[in-house]
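First residue of the sequence shown? That's 0 in our numbering, and the numbers climb one at a time after it.
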Amino acid sequence: MRTGIILTFNLVSQSGVIKDHNDQKIRFRMEGYFQNFKRFDVVQYEISMGNSGLVAVDVKMVRDKRGEKVNLCALSN
């Protein structure tokens, strides 16, 4: 699995963009279940080939030892 951060997320369309450790921007769309990602949430995902190029699939929130989601904004405070 790859790790990246959420750059954008549209709650209505359940789609967004992830930035990985190589500064590559990868689009994703949540299908089948609802997620409420926020900007700078840390996620893990797999890469797949979509109709218009690479897409992130199986996007999952990274959680700390207490089960809380990891967010880069929270880590910088």
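We put the CB at the ideal spot given by N, CA and C, even for glycine.
So what's residue i in DSSP terms, helix, strand or just coil?
i	result
Leu6	strand
So is residue i buried or exposed if we call it buried at 16+ other beta carbons inside 10 Å?
i	result
Gln50	The question names Gln, yet the displayed sequence has Asn at residue 50. Answer is exposed; the Cβ neighbour count stays below 16.
Val11	exposed
Gly52	exposed
Asn9	exposed
Gly31	exposed
Gly66	exposed
Asn21	exposed
My guess is that residue i and residue j are in contact by the Cβ rule of under 8 Å, so how many angstroms apart are they, rounded?
i	j	result
Ile5	Phe36	5 Å
Where do the N-terminal and C-terminal ends of the beta strand (DSSP E) with residue i fall, by residue?
i	result
Met0	First-last for Met0: undefined, no H or E at that position.
Lys59	52 to 60
Met44	According to the sequence provided, residue 44 is Tyr. The question's Met does not apply to it. Here the beta strand (DSSP E) through Tyr44 covers 41 to 49.
Val16	14 to 19
Arg28	24 to 28
Shortest alpha-carbon distance to residue i belongs to which of the options?
i	options	result
Cys72	Ile17, Asp40, Ala55	Asp40
Arg38	Val69, Met0, Arg1	Val69
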